Amino acid sequence: MKLKTHRTLILALLLLSCSREQLGLKSAYLQEYKLKKYETGKIIKTFTYAKDRNVIKIEKISGIKKASADKLISDGLMEIRLIYADGLSPYPGEISNKIVTDPKMKPVFKEIYSDNLYYSYVLLYTNERFGLGVKSLKSASYKSIQGYIYSESSQLLYKVSLFTPLEKTFEEMEETFLSLKCD
Amino acid sequence: MFKKRTAVLTILFLLISAGIIVKPYLFHKPQKLYWFIPDGMRAEPEVFKIFEWAENGILPNLKRMMEKGSYGYCKPVYPGHTPVNFATLFTGTYPEVHGVSDGPMHEEGNPLSRVSVGGFSSAAKKVEPIWITLENLARKVTLFSIPGSTPPELKNGQTIVGRWGGWGAPFYAVNFEDISDGSRNFEQGTGKRLFFFGPPLVKFCSSKKVTDFPDKIKSHSAPKKMELNAWGSTVYGYIYDSTNDNRTNYDRIAFTFDNEIIFADLKEKEWSEWLPIELSKKIKNEDLKINTQFKIKIILLRDSGYYRIRFFYNCINETLADPKILAKELTDNVGPMVDFVDNFPPQLIYYPEDKETFIEECNMSFDWHKEALSYLLDKKDSDIFIHDIYSPNQMLTSRWWLGYIDPKSQLYDTVSAEKRKQLWDEVLDMYKKLDDIIGVYLDKMDKNSFFILSSDHGAAPLHTWVNLNNLFAKKGWLKFKLDPKTGEPIINWRNSKVVYLKFDHIYVNPKGLHNESGIWQRASGRDYEALRNEVANVLRNLKDKNGVKPLESICTWENAKSEFRLPHERCGDLIIANRSGFGWNEKMTENREIFSKPLKTGYKQSIISSNNPCMWAPFVVIGPGVKKNNFLGDEPLEMVDQYPTILELLKIKAPNFVQGKPIQRIFENK
């Protein structure tokens, strides 16, 4: 009886260990990264990968219909637009009144539909804490892609954040991002 | 035995490999930290004697804190204002490390005509703030109206509004005023726009008599109709005469969206209820529409129909809360948010009636914050709760109070003792409302929690603006002209050599402030040194008509770190501190006057706090392990020391970048 209980317990735990959700995305580039962190919330599963100073964070939402996905994506991109919109300086005077993003630093918005996947993403810069809102080159520490990948057939939405050192080009980053395909 | 050991090891291995995160605090709940940091809460031994007020029963909840813990004063780092000192509070470092040298900051390689880095942005800090440190240790954090917290950095916590972080779509209050002859329009010049350049905060509108108006309006003189446009929304106002006395004396205004249904009908000094409205903000080619709420106040309405009206909008919407749902939740359960009293630049400083409106808004802000705080503490189980309210700063730097109640102010004796008492009562009333909020924390915290009351700075009386750019123009170093319609300055950057930019910085380049590419690069060489020395000497010798020198201290960028602990890469060629009573100003006028009278009577930005107790703030801490009834003395503590003190209380090792030291005198058994 005791042996049976032990075996049942071990089996149950084995099954449990397999219950960590799979990412559902594959990419030759991603294989070079190591999974550093897996977090599970009620709706969102978050996978954080790293390779040297490069980081890819992927949030996965399952069972999401196109209309809801479109809204989430639209809201997320609008949030970025608002952050980088030319705006007003706090406590300004008659001269120091505008905060204008350096034209070289302005985020670039892109959309691609490929292999039944909808990619919507932004190229921008972040600070050393991966924080958004960097508007001058001197304050930038990373290049970043903030993007979304949606598969209507699988009803899967991925929010992807890539961060790489400044030496890398945006083209290389885009290659990595666009290489992510559903399993 | 062997099988049992195998089973246990297997279980352990599987738990680890399954990636199940076992949060340590499931077995030991972390202690809670509440940190209330009202902006501009002046506290010092000479005039704003808050601990004495507490002992005398005026601030009973502060008294409770004093009995339960340790208390004293704290002096801000230089420059003594919000973005810099909040960054210091949240990192335990001086600006030389955290990188926030000012509100508007300029960096090489960018034009001086615009700000390169906003000091209120979370991205401006070069080291991680306390909320990231604590969230990484699995604490649940709520940031409630915290400067420097946006764009949000928390992954799992809550960020509610922020201030000027360049995040979301805030809708600032707008005043509408009868245009009359337009002179007020020019007189206010740049001062009527949000932060001087932006959506106008005061709109001068015309009204005209109409014969066609909504049925519900019963007017005994021909109503006047006006169109009030702000934030993409149009409201029509009908000024009418409700009294049948054979005189034309307009006394009410009816408001409508569609010229048919009246949604508010108010007389002078009345506020409407909160009303629904759709606002929009243009982002490139897109119109972001937000359904929100606003309320209307008739600040003044003269018999002639001359009016001044204020539209105050809900300070929170879904773009200003993370998670977004919090905005609706707070609006539904607490009401539309009243957060930022008046505006910047201040608008409620022109008419006597503005003062009453200010007080009403201030009271609304305290009421809202108190209710929202209660709600959040009850409904959201945060381990770390950090909270700011901006209203004390807005009051003490407004026109109506500080100049007349601070004995060191030149305006002190310009009012009667009776009037001064009335003004003191109004300020004390504001401190009592702060005390009420302290009471909420005290009632809701448990005995294992920590509660800290501090502030980023005090406030000094202001009697004279020093218009440095007018001075530089007189010297021929700055070339500008004024737009004839709006009064706004247009600078010739290529041919200007010296300019003052807020709050503490002078930029110098003998070859022109902007190069051929239209950007600023720091100059060097003999000509540069000679010009810079000349500018410094002019400032050292500058005196007002009473022979008082406004300059307190000056240094070059090379000495920014050693003199002021500032990061030189975010500083001008000269850094200047002013004497209390004065304020540096970017203003440029036709008459090139160097000294002028401000309307506001409080200031804080460029004052060194060490010898100016008016700049000090409180520091009060209670919780387990904190000495009780422990007055820390009249000498102020250092702002950088609060952060490491808090971490020590929480038994968390401070990051390596921290420059402050824990305040040992507050700990029991030390």
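Chains as they are written, first to last, in my numbering: chain A, -18 to 164; chain B, 495 to 1164. We treat Cβ as the ideally placed atom computed from N, Cα and C, and that holds for glycine. Just so you know, these numbers come straight off a predicted model, no measurement behind them.
In DSSP terms, what Cys163/A is bridged to: Paired residue(s): Leu6/A.
What would DSSP say about Ser1056/B, mapped onto helix, strand or coil? Three-state DSSP puts Ser1056/B in a helix.
Tell whether a beta-carbon distance below 8 Å holds between Gly603/B and Lys119/A. Gly603/B places its beta carbon less than 8 Å from that of Lys119/A.
Identify which residue in Ala121/A, Ser101/A, Asp164/A, Glu156/A has its Cα closest to the Cα of Pro146/A. Closest option to Pro146/A, Cα to Cα, is Ala121/A.
Exposed or buried, which one is Phe689/B when buried takes at least 16 other CB atoms within 10 Å? Bear in mind that the predicted position of Phe689/B carries a pLDDT of just 40, short of 50, making it unreliable; the figure below should be weighed with that in mind. Counting C-beta atoms within 10 angstroms of its own C-beta, Phe689/B has 16 or more neighbours from the protein chains shown and is therefore classed as buried.
Simplified DSSP assignment, three categories, for Ala581/B: Reduced to three states, the DSSP call for Ala581/B is helix.
Skipping 5 residues on each side, what residues in its chain have a beta carbon closer than 6 Å to that of Ile93/A? Scanning its chain for C-beta atoms nearer than 6 Å, with the 5 sequence neighbours on each side dropped, one finds around Ile93/A the residues Tyr100, in chain order.
CA-to-CA distance, Ile624/B to Ile531/B, given in whole angstroms: Whole-angstrom Cα-Cα distance: 14 Å.
Suppose the cutoff is 6 Å on Cβ atoms and the five residues either side in sequence are ignored; what does the same chain contact list for Gly1187/B look like? No answer is possible for residue 1187/B: it lies beyond the span of chain B, which begins at 495 and ends at 1164.
What's the call for Glu148/A, buried or exposed, on a 16-neighbour Cβ count within 10 Å? Taking all protein chains shown into account, Glu148/A has fewer than 16 neighbouring C-beta atoms within 10 Å of its C-beta and is therefore exposed.
If you run the structure through DSSP and keep just helix, strand and coil, what is Asn961/B? Note: Asn961/B maps to strand in three-state DSSP.
Chain-ordered neighbours of Pro983/B on chain A, where CB pairs are closer than 8 Å: Taking a Cβ-Cβ threshold of 8 Å, the residues of chain A close to Pro983/B are Glu75, Ile76, in chain order.
Which residues in chain A have a C-beta closer than 9 Å to the C-beta of Ala667/B? List them in chain order. Chain A residues near Ala667/B: none, gap ~15 Å exceeds 9 Å.
Cutoff 6 Å; reference Ala815/B; Cβ partners in own chain excluding five residues on either side: Beyond the five residues adjoining it in sequence on each side, Ala815/B comes within less than 6 Å, by CB distance, of Ile654, Ala821 in the same chain, given in chain order.
Chain B within 8 Å of Leu53/A, Cβ atoms only: Not one chain B Cβ lies under 8 Å of Leu53/A.
Which stretch, first to last residue, makes up the alpha helix (DSSP H) that contains Gln888/B? Its alpha helix (DSSP H) spans residues 885 to 890.
Taking only beta-carbon positions, decide if Thr627/B is within less than 8 Å of chain A. Not an interface residue.
Using beta-carbon positions only, say whether Trp529/B and Ile946/B come within less than 8 Å of one another. Contact flag set, yes.
As assigned by DSSP and simplified to three states, the class of Glu148/A: In the structure shown, Glu148/A sits in coil (DSSP, three-state: anything other than H, G, I, E or B).
Measuring only the C-alpha atoms, how far is Lys649/B from Tyr102/A? Each residue's Cα considered, the two are about 20 Å apart.
Chain D residues whose Cβ lies nearer than 9 Å to that of Ile80/A: As a matter of chain content, chain D is missing from the structure shown, whose protein chains are A and B.
Anticipated Cβ contact below 8 Å, Glu629/B with Val635/B, distance rounded: With 8 Å as the limit, Glu629/B and Val635/B qualify as a contact, their Cβ atoms being about 5 Å apart.
What residue does the beta strand (DSSP E) around Ala1111/B start on, and which one ends it? Its beta strand (DSSP E) spans residues 1111 to 1116.
So the candidates are Glu850/B, Ile1146/B, Lys818/B; which of them puts its Cα closest to the Cα of Met59/A? Out of Glu850/B, Ile1146/B, Lys818/B, the CA that lies nearest to the CA of Met59/A is found in Lys818/B.
Apart from the five residues on each side of it in sequence, which residues of its chain come closer than 6 Å, Cβ to Cβ, to Phe691/B? The pLDDT assigned to Phe691/B is 48, lower than 50, so where the model puts this residue is not dependable, and the model offers no usable value.
Just to confirm my understanding: we take Phe680/B, look at its own chain, exclude 5 residues before and 5 after, and list those with CB closer than 7 Å. What are they? Reliability of the predicted coordinates at Phe680/B is poor, the pLDDT of 46 falling under 50, and the value obtained from them is presented with this limitation in mind. Setting aside the 5 residues that flank it on each side, Phe680/B is surrounded in the same chain by Gly981, each with a C-beta closer than 7 Å to its C-beta; the list follows chain order.
Chain A contact for Thr636/B (CB, 8 Å cutoff): No - not a single Cβ of chain A is within 8 Å of the one on Thr636/B.
Would you mind stating whether Leu1068/B and Ile843/B have Cβ atoms separated by less than 8 Å? No, these two residues do not count as a Cβ contact at 8 Å.
Nearest-angstrom Cβ-Cβ length linking Thr958/B and Lys1098/B, presumed shorter than 8 Å: Incorrect: roughly 15 Å between the Cβ atoms, too far for contact.
Strictly under 8 Å for the Cβ-Cβ distance: is Leu782/B near chain A by that measure? Leu782/B counts as touching chain A.
If we require 3 or more residues per run, which beta strand (DSSP E) segments fall completely within the segment 742 to 796 of chain B? The qualifying runs are 746 to 750, 756 to 761, 769 to 777, 780 to 795.
Any heavy atom of the ligand GTP closer than 7 Å to the beta-carbon of Lys1094/B? In the structure shown, the ligand GTP is absent, as is every other ligand, since no ligand is present at all.
Which stretch, first to last residue, makes up the beta strand (DSSP E) that contains Arg804/B? Note, Arg804/B: beta strand (DSSP E), 801 to 807.
Which residues of chain A have a Cβ atom closer than 9 Å to the Cβ of Glu601/B, listed in chain order? Chain A residues near Glu601/B: Ser117, Leu118, Lys119, Ser120.
From which residue to which residue does the alpha helix (DSSP H) around Phe852/B run? For Phe852/B, the uninterrupted alpha helix (DSSP H) run begins and ends at 846 to 873, by DSSP.
Could you check what DSSP says for Phe670/B in three-state terms: helix, strand or coil? For Phe670/B, the secondary structure class from DSSP, reduced to helix, strand or coil, is strand.
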